[in-house]
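What follows is a single structure, written as structure tokens, with notes after it.
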Amino acid sequence: MLLTWTDYLAILATLCALVYIHSKQAGLFSRLPLPPGPKRLPLIGNLLNMPTNPEWLTYHQWAKDFDSDIIYLNAAGTHMVILDTAEAAFDLLEKRSSIYSCRARLPMVNELMGWDFAFGFMKYGDGWRQRRRVTHYAFHPTAAVLFRPHMMKATHNLLNKFLDTPKDVLGNLRHMAAETILSVAYGLEIKPKDDPYIKMAEHGVEGFSVAGIPGTFLVDAFPILKRVPSWFPGAGFQKKAQNWKKSTMSMVEVPFAAAKEKIAAGTSPHSMVSFNLRRVGGDDPAQETIVKHAAGTMYGGGSDTTLSALASCILGLLERPDVLKKAQEELDRVVKPGYLPDFDDQDSLPYITAVAMEALRWKAIVPIGIPHLVTVEDEYKGYRIPAGTIVVANSWAMLHNEEVYPDPFTFNPDRFMDNGKLNTLVRDPGHAVWGFGRRICPGRYLAFSSIWITLASMLTVFDIKKSVDEDGNVIEPTHEYFPALISVPKPYECSIKPRSEEAEKLIRASTNQELLDFLFYNLTTILQTLSSLPSAMELGPDTIATVAALATLLYLYIKRSRTGSFSRLPLPPGPKGLPIIGNLLNMPTNPEWVTYHQWAKDLNTDILYLNAAGTNIVVLDSAEAAFELLEKRSSTYSSRARLPMVNELIGWEFAFGFMKYGSWNTFSPWSGSMSILNTNEIGQAKDGNLIQFIIDVVGNLRHMAAETIMSVAYGLDVQPHDDPYIKVAEHGVEGFSIAAVPGTFLVDALPILKYVPEWFPGASFKRKAREWKKSTISMIETPFAAAKEKVAAGTSPHSLVSFNLRQIDGRDPDQEEVVKHAAGTMYAGGTDTTLSALASCILGFLDKPEVVKKAQQELDRVIKPGHLPDFEDQDSLPYITAIAMEALRWRAIVPIGIPHLVTVEDEYEGYRIPAGTIVIANSWAMLHNEETYPDPFTFNPDRFMKDGKLDPSVRNPAHACWGFGRRICPGRFIAFSSIWITLASMLAVFDIEKSVDENGNVIEPTHEYFPALISVPKPYECSIKPRSQEAERLIRTSANSELISLL
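Counting in the UniProt record's numbering, the sequence shown runs from 1 upward without gaps.
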């Protein structure tokens, strides 16, 4: 039979492929063996036994068969290594990320389907860095908080969709995930049904989900095949690629164009695109393309990961109804009746967090990671890994490792719990879910937040059970998954119903904000209860509810009208408000300083105006505005706003920091005695606790700061462990730290609510206030009484209390009360500020070890061997001072200043500031001003140095740390001295590094902070060890010098 021309072409292509394979395999001269793997055939290697979906199971079985966590395959000359354990992945993809951060060439996905825009598939280089940087700006942990309202809105819409279409589980979840992504990435609204953007994304991702799996298309092993025409026999992949590419291009271009239109019209909300386009300006097409590609990557890849975790989690809940019950019991304990969960509840809902973590782990949302590429030849465990090898992390195997997660195929959130708290000893599944090394997903914080709030909200209001047919037989849900890169289950049946009528009402009302919920849900509920009483029988519940709602609205209107002014000057710019209630519904929550700053940037102003139900609020976003108003015009800006929760309900009216200007002046003993307190007390507390830092970083920093304050304020000694004075202070400050953040409690905007009884729905703030007030009183009275006893006995050392009590000599009870309140203010407010600066500084050291090295070099030059630093060394240690300054600046110890109050109407830059306006200094924004402090989110003490000396031209961060004008903190000099001597002493004798686990893997410290007025990080792990045996001996013997130890 004669050969046709197509046969000749096929033979030619085969010969070319064989020559290509042979050339790739030549020149590997290393004598080390390749990792173990299945037997290979000549020339084509493992091409014929490459596994298909689910390939992760086959890879894992091979790893078990060969008793190896690293497997080698060769697909027609293409080297592949499969990593089967987290340890192997950490060793190579994390620790050696400089050579493992490239991507394999993916001809089908990138070159034929048009996914070369997605930086997740780009080779490691400038293009990847630029797009990654754009995404990081918008989604680092602090910035990601700005998108919480987007997630809340999408979640509440999801709850309503489940009421209307409870059987369409996957459809509802997919719609919610897409709504979140489109809102966050582009600031676009979507339709409730048949949204064109969602359809576009589904079509665009369809091909990627199939082609993104390694080994699906032969062209990835034989890139030369991409040049084969689509009509060639066996080239059906070309037709698929052409169709998929059209969808890909639409997915990238269409929503970006719509977002640009909204930005140009001034109607775009905060989004990744709006944020970055405003940041780079509109005159750089190259930067605009980078933003477009970054948004397209998120749009294309973000929806299905959220869908996968949530849909799999519901399957798990169907198998484990006991988990559902336990989660609902936790929610019922924590979340107030008539409310849906909020992110503020997250720390109080550890079991919900455990459920979300198990949702990531159980079915492995991305079972096989996107392949890495090693750029140079490497060695691991005695095996050779050739340059150019494709390295694949088997995430599924890592998440089902029986040694790490016993009984791994069972859905069991309790594996992450211990004694009612999250067990930090159990590996977070995020280690294998979000990728590794420099290729880790930059949107992981946003994704987990979306999963968490969705689960918390659904479980609050819905019961989730297996469906039953018309005969009452249970319908077992399928556990089948689509064969794709992201593991999404096929549609299944289940029953999702509201837990009660109240739950259904709450869902229907959930699209409204907090105040509307209060007026139309809680108020109606309580009035319906009251209507059953005899006194309400004649009116009826509807009449009572209507009258009460109208009365509340009338109160808000009158309150707002009374603050009006007849000046013709405009108010400062600010976010749009609603009639009567103004901005009450969009007042930001923690961290509100980020939202304020973003509003200021969006409106191109350094002074913002808001109106919360008639309360005028101005936020100052720059140091210049703060200096102009709070410093130069301090005579009219030195009063304090009325804070009903803090002062009137919790009992902090004793603290002169919150007092109105006037009686505040009677507290001059505070500032007078601060000027003559001896720094020895400070130095002694620091040096005595040095050895303790090895054990518990944050705990001992807190103990040291509290010991300093107790000594300086009261002259009292504290116990090394479980000191009662420290516990009293912690309990007293706990409520204050939460309540002092502006906007935390509605009663501060509506003081009339302070008269609402505790039993009233939504009035749980009254119960909290009553409990916190008890702790506040103990905090003021207990240490003062002990200090008085020591003064009377003649055994008290020099302190604020002893100095001032001796001045008045018991002759004036009123003055004694003043001293007590001044000491209480210092006692309560001084500890956490020092703790904040020091704990944040150590986090900075862990990120920048070169700073530690440079500081220790300075200390070694200046400090005599066998001695610890002293205050006399301060002028000779400018770099230590620069570190202390950066410690104040980097994380902003008090991100939002305590509100001032302007007592007369004022004008600033052509804007009217009404009398009675609350004026808030956004210290965080001032300390992260890129013009003043370039690269402000990086810990960098060198910004304050020049030619080996402190650079006086760089603004001292103290300008925004300690307050402004007449309200500046009088204890600021002692506070900075305390921070300085602690850092100098610690760096002199300790090495500070990231911890490693028992397998030598680096433990990345958390950078999470408690939501409170003072920015204190949550506990984190690190390694603090003596620099040498001599350093340890110096610490141990410091009790015999003037630096007193607690040993």
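Think of the CB as a built atom: it goes at the ideal place given N, C-alpha and C, for glycine as much as any other residue.
Since we're looking at a predicted model, the values are computed, not measured.
Would you decide whether residue i is buried or exposed? Buried here means 16 or more other CB atoms lie within 10 Å of its CB.
| i | result |
| --- | --- |
| residue 941 | buried |
| residue 126 | exposed |
| residue 604 | exposed |
| residue 407 | exposed |
| residue 755 | exposed |
| residue 953 | exposed |
| residue 475 | exposed |
| residue 757 | exposed |
| residue 425 | exposed |
| residue 738 | buried |
| residue 175 | buried |
| residue 904 | exposed |
I'd like to know whether the C-beta atoms of residue i and residue j end up nearer to each other than 9 Å.
| i | j | result |
| --- | --- | --- |
| residue 586 | residue 895 | no |
| residue 572 | residue 918 | no |
| residue 134 | residue 374 | no |
| residue 276 | residue 264 | no |
| residue 223 | residue 103 | no |
| residue 113 | residue 244 | yes |
| residue 446 | residue 139 | yes |
| residue 427 | residue 86 | yes |
| residue 911 | residue 617 | no |
| residue 990 | residue 884 | no |
| residue 399 | residue 356 | no |
| residue 727 | residue 649 | no |
| residue 778 | residue 731 | yes |
| residue 321 | residue 358 | no |
| residue 465 | residue 318 | yes |
| residue 179 | residue 190 | yes |
| residue 438 | residue 97 | yes |
| residue 360 | residue 442 | no |
| residue 450 | residue 306 | yes |
| residue 259 | residue 247 | no |
| residue 495 | residue 468 | yes |
Which residues bound the alpha helix (DSSP H) around residue i?
| i | result |
| --- | --- |
| residue 1059 | Residue 1059 is absent from the structure shown; the chain starts at 1 and stops at 1047. |
| residue 1025 | Element bounds for residue 1025: not the alpha helix (DSSP H) but the beta strand (DSSP E), 1023-1026. |
| residue 216 | Unbroken run through residue 216: none, as it is neither H nor E. |
| residue 736 | 724-739 |
| residue 989 | 972-989 |
First and last residue of the beta strand (DSSP E) that includes residue i?
| i | result |
| --- | --- |
| residue 79 | 78-83 |
| residue 906 | 906-908 |
| residue 612 | 607-612 |
| residue 379 | 378-380 |
| residue 911 | 911-913 |
| residue 46 | That residue, residue 46, is in no beta strand (DSSP E); it is neither H nor E in DSSP. |
Which class does residue i belong to by DSSP, given the choice of helix, strand or coil?
| i | result |
| --- | --- |
| residue 713 | helix |
| residue 921 | strand |
| residue 1065 | As shown, the chain starts at 1 and ends at 1047. That puts residue 1065 outside it, with no answer to give. |
| residue 188 | coil |
| residue 475 | coil |
| residue 1034 | helix |
| residue 393 | strand |
| residue 489 | strand |
| residue 755 | helix |
| residue 1017 | strand |
| residue 883 | helix |
| residue 415 | helix |
| residue 248 | helix |
Fill in: Entirely enclosed alpha helix (DSSP H) segments - the region 795-858, minimum 4 residues
800-808, 813-847
Item to complete: Please go through the region 298-351 and give each complete alpha helix (DSSP H) segment of 4 or more residues, from N-terminal end onward.
Response: 321-334
Practice prompt. Report the residue ranges of all alpha helix (DSSP H) runs contained in full by the region 135-177; include only those spanning at least 4 residues, in chain order.
Written response: 141-144, 148-164
Practice prompt. May I have a chain-ordered list of the beta strand (DSSP E) segments no shorter than 3 residues that lie completely inside the region 52-140?
Written response: 70-75, 78-83
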